[in-house]
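Novice: Sharing a structure here in structure tokens format.
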Amino acid sequence: MADQTHVLFVEDDDVIREATQLALERDGFAVTAMPDGLSGLEAFRADRPDIALLDVMVPGLDGVSLCRRIRDESTVPVIMLSARADSIDVVLGLEAGADDYVTKPFDGAVLVARIRAVLRRFGHAGGGDRGDAGSAADTGGVLVFGELEVDTEGMEVRRAGRPVALTPTEMRLLLEFSSAPGTVLSRDKLLERVWDYGWGGDTRVVDVHVHRLRTKIGQDRIETVRGFGYKLKA
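In full-length UniProt numbering, the protein residues as written are 1 to 234.
The following block contains the structure:
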């Protein structure tokens with residue numbers, strides 16, 4: 001597994017679990033597949049995978065709760081799998097710390113594309129360094145916005161002098177905003193730049209991450225421009 005990207009896949013449906021595992025392995029991934037949340041958590045702690053795919057509705061410990069447990073311990077990327085695109089579980093999963101979601105039933109090629117897009121954002125190239133947020137702008141130095149300081153080289157954020165813990169996706173989002181303070185960035189543009197979507201995506205992913213980012217850097221630091229998107233107050 002050392003030279004392969006290691007995927008933790010938690011899914012209680014035997015057919016979906018086995019078929020998806022085979023499909024991912026054919027694409028070169030090493031897969032640990034578990035049927036429930038508790039065994040998934042044990043596997044995560046034992047193996048420290050490069051990415052986790054979590055079905056929302058699994059027994060023992062549901063996918064949303066499992067995502068929270070993982071996020072308490074790691075910044076490893078998490079993709080939630082949901083049976084309904086309009087389900088509240090999608091938002092709950094994102095609020096729990098997931099980086100993206102895929103709606104079931106899914107095409108294997110689409111799932112692989114989404115996995116690779118997430119891994120590129122996190123600096124993986126088939127098992128690369130975990131938790132690398134990448135860089136939104138090659139500006140160097142520390143950017144200051146009121147009490148908010150963004151170190152674009154050290155990938156650190158401080159608010160009123162205190163460190164702020166961000167997930168890699170939240171960091172990339174903040175880097176996009178801080179590279180163009182005062183400029184309105186549309187949800188579609190953020191999906192393209194932060195989530196690496198070369199196709200239309202669900203803007204709820206952006207909205208939930210902006211909400212999470214606001215709770216950490218200050219509710220009034222990122223302004224909503226209705227009908228257009230968001231901007232960072234300079």
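Every residue, glycine too, gets a C-beta built ideally from N, C-alpha and C.
Which value, in whole angstroms, describes the spacing of the CA atoms of F29 and V144?
Specialist: Roughly 41 Å between the two C-alpha positions.
Novice: Taking 7 Å as the cut-off, is the C-beta of D12 nearer than that to any heavy atom in the ligand COA?
Specialist: The model on display carries no ligand, and the ligand COA is accordingly not part of it.
Novice: Rounded to whole angstroms, what is the Cα-Cα separation between G154 and V142?
Specialist: Cα-Cα distance, rounded: 9 Å.
Novice: Which one or two residues does DSSP pair with D100 in a beta bridge?
Specialist: BP columns for D100 point to I79.
Novice: In or out: L232 buried (at least 16 other Cβ within 10 Å) or exposed?
Specialist: Flag for L232 reads buried.
Novice: Please list, in chain order, all residues of the same chain as E11 whose beta carbon is under 6 Å from its beta carbon, the five residues on each side excluded.
Specialist: So the qualifying residues of the chain are R17, D55.
Novice: From the DSSP output, in three-state form, read off E11 for me.
Specialist: It is coil, neither helix nor strand.
Novice: Please classify P49 as buried or exposed, where buried requires at least 16 neighbouring CB atoms within 10 angstroms.
Specialist: That one is buried.
Novice: Could you tell me the distance, in whole angstroms, from the CA atom of E95 to the CA atom of L173?
Specialist: Going from the Cα of E95 to the Cα of L173 covers about 15 Å.
Novice: Taking only three categories from DSSP, how would you classify K189?
Specialist: Helix at K189.
Novice: Within the UniProt DNA-binding region "OmpR/PhoB-type" (140-234), note down every full alpha helix (DSSP H) run reaching 4 residues or more, in order along the chain.
Specialist: As far as the UniProt DNA-binding region "OmpR/PhoB-type" (140-234) is concerned, its whole alpha helix (DSSP H) runs of at least 4 residues are 168-179, 187-194, 204-217.
Novice: Here's the rule I'm using: 16 or more other beta-carbon atoms within 10 Å means buried, otherwise exposed. How should D220 be labelled?
Specialist: Counting Cβ neighbours within 10 Å, D220 comes out exposed, since fewer than 16 surround it.
Novice: If you draw a straight line from the C-alpha of A52 to the C-alpha of D188, how long is it?
Specialist: When rounded, the distance between both Cα atoms is 25 Å.
Novice: Considering only residues of the same chain and omitting the five flanking positions on each side of A234, which have a CB-CB separation below 8 Å?
Specialist: Excluding sequence neighbours, A234 sits near F145, P181, G182.
Novice: Quick one: using the 10 Å Cβ neighbour count with 16 as the cut-off for buried, is L22 buried or exposed?
Specialist: It is exposed - the Cβ of L22 has fewer than 16 other Cβ atoms within 10 Å.
Novice: So for residue 249, helix, strand or coil by DSSP?
Specialist: No statement about residue 249 is possible, as the shown extent of the chain runs from 1 to 234 and does not include it.
Novice: Within its chain, find whatever has a CB closer than 6 Å to the CB of G126; leave out the 5 residues flanking it on each side and keep chain order.
Specialist: Low confidence applies here, because G126 scores a pLDDT of 37, under 50, leaving its location unreliable; read the following figure in that light. Here the set comprises T5.
Novice: Taking 8 Å as the threshold (C-beta atoms), are I222 and residue 240 in contact?
Specialist: What is shown of the chain runs 1 to 234, which leaves residue 240 out entirely.
Novice: V64 and L38 - do their beta-carbons sit closer together than 8 Å?
Specialist: No, the pair does not count as a contact, with Cβ atoms beyond the cut-off.
Novice: Between which two residues does the alpha helix (DSSP H) carrying V31 extend?
Specialist: It is not in any alpha helix (DSSP H) - V31 instead sits in the beta strand (DSSP E) that spans 30-34.
Novice: Drop a sphere of 10 angstroms on the beta-carbon of I217, count the other beta-carbons inside from all chains shown, and report buried for 16 or more, exposed for fewer.
Specialist: Buried.
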